[in-house]
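**Student:**
There are 2 protein chains.
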Amino acid sequence: AGLLPMLEQAIDMGMDVVNGLHEYLRDKAELVALAQKRGVQLIDLRYPKSQRSLRCWTGAVRQARCRKIAVLGTDIIAGKRTSMQLLCAAARKRGIHTEMIYTGQTGWMQGIRHGFILDATPNGYVSGELEGAILNCWNESRPELLLIEGQAALRNPSGPCGAELLLSADLDGVLLQHLPGRQYYQVCPSLRIPIPPLESEVALIRAYGGRVLGIALNGQGLSPEALGRYQQQLQQRLQLPVCRPLEEGVDALLDWQQLFGHIEKG
Amino acid sequence: AGLLPMLEQAIDMGMDVVNGLHEYLRDKAELVALAQKRGVQLIDLRYPKSQRSLRCWTGAVRQARCRKIAVLGTDIIAGKRTSMQLLCAAARKRGIHTEMIYTGQTGWMQGIRHGFILDATPNGYVSGELEGAILNCWNESRPELLLIEGQAALRNPSGPCGAELLLSADLDGVLLQHLPGRQYYQVCPSLRIPIPPLESEVALIRAYGGRVLGIALNGQGLSPEALGRYQQQLQQRLQLPVCRPLEEGVDALLDWQQLFGHIEKG
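Note that the protein sequences, when read in sequence, are chains A and B. Per this note's numbering, numbering of the first sequence is gapless, rising by one per residue and ending at 266. Per this note's numbering, numbering of the second sequence is gapless, rising by one per residue and ending at 532.
1) Which chain A residues are close to G325 (chain B), counting only those with a beta carbon under 9 angstroms from its beta carbon?
2) Taking the C-alpha atoms as reference points, what is the distance between K265 (chain A) and L259 (chain A)?
3) If the cut is a Cβ gap below 7 angstroms, which residues of chain D does H288 (chain B) touch?
4) Give a yes or no on whether the C-beta atoms belonging to G159 (chain A) and A386 (chain B) are separated by under 8 angstroms.
5) Closer than 7 angstroms, Cβ to Cβ, to anything on chain B: give me those residues from the segment 119-134 of chain A, in chain order.
6) Return the residues of the segment 473-493 of chain B that lie within a Cβ-Cβ distance of less than 8 angstroms from chain A, sorted by chain order.
7) For G428 (chain B), which residues in chain A fall below 8 angstroms Cβ to Cβ?
8) Are the C-beta of K265 (chain A) and some C-beta of chain B separated by less than 8 angstroms?
9) So which residues of chain B does A78 (chain A) contact, with C-beta pairs closer than 9 angstroms?
10) Report the option in B:E410, B:G381, B:L396 whose CA atom is closest to the CA atom of R360 (chain B).
11) Starting from I43 (chain A), follow the beta strand (DSSP E) in both directions and report where the run begins and ends.
12) In the DSSP assignment, find the alpha helix (DSSP H) that holds A133 (chain A) and state where it starts and stops.
13) Is there at least one Cβ from chain A nearer than 8 angstroms to P314 (chain B)'s Cβ?
14) Is the distance from the Cβ of G515 (chain B) to the Cβ of Q443 (chain B) below 8 angstroms?
15) To the nearest angstrom, report how far apart G228 (chain A) and L433 (chain B) are at their CA atoms.
16) Say whether the segment 498-511 of chain B touches the segment 477-484 of chain B, bearing in mind that this needs 3 or more beta-carbon pairs closer than 8 angstroms, one atom from each stretch.
17) Whole-angstrom Cβ separation of L198 (chain A) and L234 (chain A), contact assumed at under 8 angstroms?
18) Which residue marks the beginning of the beta strand (DSSP E) containing Q177 (chain A), and which one marks its end?
19) Would you mind giving the Cβ-Cβ distance between L353 (chain B) and L519 (chain B), rounded to the nearest angstrom? I have them listed as a contact below 8 angstroms.
20) Give me, in chain order, the residues of the same chain whose beta-carbon lies closer than 8 angstroms to that of M109 (chain A); leave out the 5 immediate sequence neighbours on both sides.
21) Which same chain residues, not among the five before or five after V32 (chain A), have their C-beta less than 8 angstroms away from its C-beta?
22) For I134 (chain A), which option in A:R55, A:I193, A:L154, A:Q51 has the closest C-alpha, if you only look at C-alpha atoms?
23) Can you tell me where the beta strand (DSSP E) holding R81 (chain A) begins and where it ends?
24) Give the interface partners of A64 (chain A) over in chain B, defined as CB-CB distance under 7 angstroms, in chain order.
25) Do you know how far the Cα of I205 (chain A) is from the Cα of L273 (chain B)?
26) If we cut at 8 angstroms on Cβ distances, does A203 (chain A) have a partner in chain B?
27) Below 8 angstroms on the Cβ atoms is my guess for R408 (chain B) versus G373 (chain B); work out the distance and round it to an integer in Å.
28) Opposite N484 (chain B) in the DSSP bridges: which residues?
29) Should N405 (chain B) be labelled buried (16 or more other beta-carbon atoms within 10 Å of its own) or exposed?
30) Name the two residues that bound the continuous beta strand (DSSP E) containing K334 (chain B).
31) Using a Cβ-Cβ distance cut-off of 8 angstroms, determine whether S349 (chain B) contacts chain A.
32) Going by Cα to Cα distance, which pick from B:L488, B:Q317, B:G268, B:Q302 is closest to G447 (chain B)?
33) How many whole angstroms separate the CB atoms of K334 (chain B) and L412 (chain B), which I take to be in contact at a CB cut-off of 8 angstroms?
34) Helix, strand or coil: which one does DSSP assign to P388 (chain B)?
35) Below 8 angstroms on the Cβ atoms is my contact criterion, and I expect Q317 (chain B) with H22 (chain A) to pass it. Report the Cβ-Cβ distance as a whole number of Å.
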């Protein structure tokens, strides 16, 4: 409610407004009228697509012949999209033609060109919209590597996400984002629902037939020393690359040579 | 398109029309006008709820202090809802106060009173709507046993379903519906995507922390003898109750005494 006067002021100053909330600007008659008068755009990112424009899954995603890697998370607000952005930059620096698929409104705001808003999509069309976004990207720019943003968390009971990406996106592998310093799921805090051990999340991905390529750690709540120790121990325990993207970049996260054998530089 | 004249005729004869399709009757002006004239109802079961009426998951589902069992499937169109209906009847016959939660339009049409249309619900609200339906049912009738209809299939790439029920419904267990005579997923047939071994589906449910209580077999495509042999072998291999609901009922599917220790009859 306190937002409305600010929005009116912004529109009055001639600014377009991009809205990432589940509440829509187009439903507010006074804002719509003002926007028309000032000739500015109101963009409701989470407004549902029309029924007719939603796509069903057909398996055509397999025609996108590039490496496809999803970034999934053990909890929400964990840094999945940031790790994806860092990976994209690292891959491009190596000369790998890389694109990203957004699945949330922030990815769109960051300028990622292909994707869809997963949480606003009717459940029965999630796999099809995911496939469609991948195909749009493939058809437009023929990347070698496609990074796909995961949403929510594998097992957060307020809204799990993972199965669709693991089953419907023709993935080559998964990067798993984890916050060792967080004990309970981000959901009503009084519930104190423990985040399961990382090993069991890796096992869940494998139970779907997925391949975990590496683990990205968010150091929130841990000292640099504690994070470093955790990283070492985890790497030994899982026998997988484990990295701290914000502290050391993501270059160690993928076996680039194995995934893109043609690379000579880098 | 061929349906429209039939619908017009039905409305003209004074019949209400219940529509389970993703295409809505309320969008067809001529039908709406005719329905108004005749005073009949047009019900679009899959029409999305208004944004404001959708619920977020809060954990309140734990307040529904009854046994909660979901029926999940290894493929779509496998008999999940039918097994649930048979289980409901069997439980009621034993004197267990049992209710059901529908998650698809057919369950609503069959007269199940609480539920929601999972495939038409925006992904971010599936867990909350599921919780809300369970709480509505609990508040209204305080059942001892609540059976929850699964949608789609655990790993059909055209639209997997399972995680929300396993994580957000405070389940006590899962019944898994399976068709041993079907080799490939029901999806574009030319894709020939094999249905994974049943053991790996049980393992997936367990990877979510779920408990498989029993397996219900749909005999489609198998001779009675082949189905019987499969049942025997599976039961030995999994050490779980396995039954053929259509051939022998579902009474053997649950350890009723263990789940409802107070039962004396039955």
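Built from N, CA and C at the ideal position, the CB exists for glycine as well.
**Tutor:** Taking the geometry as given:
1) For the purposes of this step, residue 325 (chain B) is taken as residue 59 along the second sequence, with counting starting at 1. Residues of chain A passing the Cβ test: P157, S158, V187, C188, S190, L191, I193.
2) One-based indexing of the first sequence puts residue 265 (chain A) at position 265. One-based indexing of the first sequence puts residue 259 (chain A) at position 259. Interpretation of K265 (chain A) is limited by its pLDDT of 49, a score under 50 that renders its predicted location unreliable; the figure taken from the coordinates is listed afterwards. Spanning the two alpha carbons is a distance of roughly 14 angstroms.
3) You won't find chain D in this structure, because its protein chains are A and B.
4) Along the first sequence, read from residue 1 onward, the residue named residue 159 (chain A) stands at position 159. Along the second sequence, read from residue 1 onward, the residue named residue 386 (chain B) stands at position 120. For G159 (chain A) and A386 (chain B), no; Cβs fall outside 8 angstroms.
5) Taking 7 angstroms as the Cβ-Cβ cut-off against chain B, the residues of the segment 119-134 of chain A that qualify are D119, A120, T121, P122, N123, G124, V126, S127.
6) Per Cβ criterion, the list reads A473, Y474, G475.
7) For the purposes of this step, residue 428 (chain B) is taken as residue 162 along the second sequence, with counting starting at 1. Per Cβ cutoff of 8 angstroms: A163.
8) Here residue 265 (chain A) is taken as the residue at index 265 of the first sequence, counted from 1. Note that K265 (chain A) scores 49 on pLDDT, short of 50, meaning its location in the model is unreliable; the coordinates nonetheless yield the value given after this. False, the Cβ-Cβ gap to chain B never drops below 8 angstroms.
9) Sequence index remark: in the first sequence, residue 78 (chain A) carries index 78 (1-based). Against chain B, the beta carbon of A78 (chain A) has no neighbour under 9 angstroms; the closest one sits roughly 17 angstroms away.
10) For the purposes of this step, residue 360 (chain B) is taken as the residue at position 94 of the second sequence. The closest CA to that of R360 (chain B), considering only B:E410, B:G381, B:L396, is found on B:E410.
11) Here residue 43 (chain A) is taken as the residue at index 43 of the first sequence, counted from 1. 42-44 is the extent of the beta strand (DSSP E) around I43 (chain A).
12) Counted from its first residue, the first sequence places residue 133 (chain A) at position 133. Looking at the DSSP string, the run of the alpha helix (DSSP H) that includes A133 (chain A) is 126-141.
13) In the second sequence, residue 314 (chain B) corresponds to position 48, counting from 1. Closer than 8 angstroms: yes.
14) Looking up residue 515 (chain B) in the second sequence gives position 249. Looking up residue 443 (chain B) in the second sequence gives position 177. Cβ atoms of G515 (chain B) and Q443 (chain B): not closer than 8 angstroms.
15) Counting from one through the first sequence, the residue named residue 228 (chain A) turns up at place 228. Counting from one through the second sequence, the residue named residue 433 (chain B) turns up at place 167. Distance between G228 (chain A) and L433 (chain B), taken at the CA atoms: about 32 angstroms.
16) With the cut-off at 8 angstroms, the segment 498-511 of chain B and the segment 477-484 of chain B touch.
17) Walking along the first sequence from the start, residue 198 (chain A) turns up at place 198. Walking along the first sequence from the start, residue 234 (chain A) turns up at place 234. Indeed they touch by this definition, with Cβ atoms about 7 angstroms apart.
18) In the first sequence, the residue the question calls residue 177 (chain A) occupies position 177. From DSSP, the beta strand (DSSP E) with Q177 (chain A) extends over 173-178.
19) As a first step, residue 353 (chain B) must be located in the second sequence, where it is residue number 87. As a first step, residue 519 (chain B) must be located in the second sequence, where it is residue number 253. About 7 angstroms separates the Cβ atoms of L353 (chain B) and L519 (chain B), confirming a contact at the 8 angstroms cut-off.
20) Looking up residue 109 (chain A) in the first sequence gives position 109. The beta carbon of M109 (chain A) sits closer than 8 angstroms to the beta carbons of V18, G20, L45 from its chain, once the five residues preceding and following it are set aside; these are given in chain order.
21) Here residue 32 (chain A) is taken as the residue at index 32 of the first sequence, counted from 1. Contacts found: L25, R26, L42.
22) As a working mapping, residue 134 (chain A) is identified with position 134 in the first sequence. The shortest Cα separation from I134 (chain A) among A:R55, A:I193, A:L154, A:Q51 belongs to A:R55.
23) Residue numbering aside, residue 81 (chain A) sits at position 81 when the first sequence is read from its first letter. Here R81 (chain A) belongs to no beta strand (DSSP E); instead the alpha helix (DSSP H) covers 80-93.
24) Counted from its first residue, the first sequence places residue 64 (chain A) at position 64. Those do not exist, as A64 (chain A) stays about 14 angstroms from chain B at its closest Cβ, beyond 7 angstroms.
25) Residue numbering aside, residue 273 (chain B) sits at position 7 when the second sequence is read from its first letter. Residue numbering aside, residue 205 (chain A) sits at position 205 when the first sequence is read from its first letter. In a straight line, the C-alpha of L273 (chain B) is about 47 angstroms away from that of I205 (chain A).
26) Here the question's residue 203 (chain A) lines up with position 203 in the first sequence. Chain B, which has a Cβ nearer than 8 angstroms to the Cβ of A203 (chain A), makes this yes.
27) Start at 1 with the first residue of the second sequence, and residue 408 (chain B) comes out as number 142. Start at 1 with the first residue of the second sequence, and residue 373 (chain B) comes out as number 107. In fact, because the Cβ distance is near 21 angstroms, the residues do not count as touching under 8 angstroms.
28) Counted from its first residue, the second sequence places residue 484 (chain B) at position 218. Bridge partners of N484 (chain B): none, in fact.
29) Locating residue 405 (chain B) in the second sequence gives position 139, counting from the first residue. Counting of Cβ neighbours within 10 angstroms places N405 (chain B) among the exposed residues, the total staying below 16.
30) Position 68 of the second sequence, counted from the first residue, corresponds to residue 334 (chain B). Here the beta strand (DSSP E) through K334 (chain B) covers 333-339.
31) Taking the second sequence and counting its residues from 1, one reaches residue 349 (chain B) at position 83. Closer than 8 angstroms: no.
32) Sequence index remark: in the second sequence, residue 447 (chain B) carries index 181 (1-based). The option with the nearest alpha carbon to G447 (chain B) is B:L488.
33) Numbered from 1 along the second sequence, position 68 holds the residue referred to as residue 334 (chain B). Numbered from 1 along the second sequence, position 146 holds the residue referred to as residue 412 (chain B). The C-beta distance from K334 (chain B) to L412 (chain B) rounds to 5 angstroms, short enough to fall under 8 angstroms.
34) Residue mapping note: residue 388 (chain B) aligns to position 122 of the second sequence, counting from 1. Here P388 (chain B) carries a strand assignment [DSSP, helix/strand/coil].
35) Start at 1 with the first residue of the second sequence, and residue 317 (chain B) comes out as number 51. Start at 1 with the first residue of the first sequence, and residue 22 (chain A) comes out as number 22. About 6 angstroms separates the two Cβ atoms, so the contact holds.
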